[in-house]
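Quick note, the sequences are listed as chains A and B, same order. For the first sequence, the residue numbers in this note's numbering are 4 to 174. For the second sequence, the residue numbers in this note's numbering are 255 to 355. In this text, a Cβ means the ideal position worked out from N, Cα and C, and glycines have one as well. Since the structure comes first, as structure tokens, the remarks are kept for the end.
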Amino acid sequence: MSLEIILFVILGGVAAVTSVIVITRPNPIISALFLVLNFASLAGLYLLLNAQFIAVAQVIVYAGAIMVLFLFVIMLLRPGNEEKIFSRNPVVKIIASIVAGVVFLQIVYMIFFTSPSNSVTGEVSASVNAGTVEAIGRELFTNYILPFEAAGFLLLAAAIGALVLAKKKFE
Amino acid sequence: MQIPIEYYLILSAFMFIMGIVGVLTRRNAIIVFMSIELMLNSANLTFVAFASYMGNTIGQLFVFFVMAVAAAEAAIGLAIILALFRNKMTLNIDEVNILKW
């Protein structure tokens, strides 16, 4: 077993288990903390896939900024514990879970049916060069400058919109 | 690159399905929102897996834009949740039904 396989099993296992924990815990703070762990293990998987810039951005943007925002809102509002996941309307929830499981099996079937590993090359040298900050920055500021500016404008609009929505209305 | 890409895709599909189950079964607005983040991240994992197995930068660029949109969405969504809690004093999305006919 090489190090890559061991790391994939550990990080993938952590990502899968924490994603289950996130949706089953009644306390939202515990869910949020396990979501942070999920994002961190995803950042490890991105490093395994030679996407250094995306891994760092994942830790800074997701595990840092967005989850701090989530925890801030949760602790500000202090919602009580929800009851256990299957205690209310259990029939509807079990049916929803069964439908989701069937969809998952369909996706797995499609993944193996189409066998995408035949069509991808998997060259290590090309992917190492593709994931660096230099390559992404070059693409971002030459060919994709217009979407980049649009993303900046979107973030500005989101900041203004969040202010307008959340501000206290003084009468 | 010893791991076949199928395993990354299956992990991504599993996380996406967990996000769907969370949206369908949980009634706390914040947890529904976290499930949406879970789904966005599983899509990101698929993008990065394909981009790196094809030696391509464009997929990782797209993940960058998805992160920008997710940050904007988190800010707006949490502001909406704050306004909702201020108006109705609840986070249960079953009790928020003023648009329901």
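Check: Of the choices A/112, A/29, A/69, A/14, whose alpha-carbon is the least far from that of residue 299 of chain B?
Finding: A/14
Check: In or out: residue 5 of chain A buried (at least 16 other Cβ within 10 Å) or exposed?
Finding: exposed
Next item on the list: For residue 53 of chain A, name the three-state secondary structure that DSSP assigns.
Entry: coil
Check: If you follow the alpha helix (DSSP H) that residue 24 of chain A is part of, which residue opens it and which one closes it?
Finding: 6-27
Check: In chain B, which residues lie less than 8 Å from residue 116 of chain A when you measure between Cβ atoms?
Finding: By Cβ distance, chain B contributes nothing, its closest Cβ being about 11 Å from residue 116 of chain A, past 8 Å.
Note to self: Does the CB of residue 49 of chain A have a neighbour CB from chain B at under 8 Å?
What the structure shows: yes
Next item on the list: Might you give, ordered along the chain, the residues of its own chain that have their beta carbon closer than 6 Å to the beta carbon of residue 273 of chain B, omitting 5 neighbours on each side?
Entry: 289, 292, 293
Check: Can you tell me the Cα-Cα spacing of residue 62 of chain A and residue 355 of chain B, whole angstroms?
Finding: 43 Å
Notebook entry, point to check: Does the count of Cβ pairs from the region 43-57 of chain A and the region 93-102 of chain A closer than 8 Å reach three?
Noted result: no
Item checked: Pair within 8 Å by beta-carbon distance, residue 283 of chain B and residue 345 of chain B -> yes
Next item on the list: Decide if residue 69 of chain A is buried, meaning its Cβ has at least 16 other Cβ atoms within 10 Å, or exposed.
Entry: buried
Note to self: Below 8 Å, how does it come out for the region 35-48 of chain A and the region 16-24 of chain A: are there three or more Cβ pairs, yes or no?
What the structure shows: yes
Margin query: Does any residue of chain B have a CB that is nearer than 8 Å to the CB of residue 35 of chain A?
Written below: yes
Check: What is the DSSP secondary structure of residue 92 of chain A, counted as helix, strand or coil?
Finding: coil
Check: With burial defined as no fewer than 16 other Cβ atoms inside 10 Å of the residue's Cβ, what is the status of residue 287 of chain B: buried or exposed?
Finding: buried
Notebook entry, point to check: In chain order, what residues of the region 139-158 of chain A put their CB closer than 7 Å to some CB of chain B?
Noted result: 139, 142, 143, 147, 150, 154, 157, 158
Next item on the list: Grab the span of the alpha helix (DSSP H) containing residue 293 of chain B for me, first residue to last.
Entry: 283-307
Notebook entry, point to check: Are the beta-carbon atoms of residue 108 of chain A and residue 323 of chain B separated by less than 8 Å?
Noted result: no
Check: Can you name the residues that DSSP bridges to residue 346 of chain B?
Finding: B/282
Check: Would DSSP call residue 141 of chain A helix, strand or coil?
Finding: helix
Margin query: Within a Cβ cutoff of 6 Å, which residues of the same chain sit near residue 331 of chain B, ignoring the five residues on either side of it in sequence?
Written below: 287
Margin query: I'd like to know whether the C-beta atoms of residue 46 of chain A and residue 35 of chain A end up nearer to each other than 8 Å.
Written below: no
Next item on the list: Can you pull the chain A residues whose beta carbon is under 9 Å from the beta carbon of residue 352 of chain B, in chain order?
Entry: Neighbours of residue 352 of chain B on chain A: none; closest Cβ ~16 Å, over 9 Å.
Margin query: Helix, strand or coil, according to DSSP, for residue 147 of chain A in the structure here?
Written below: coil
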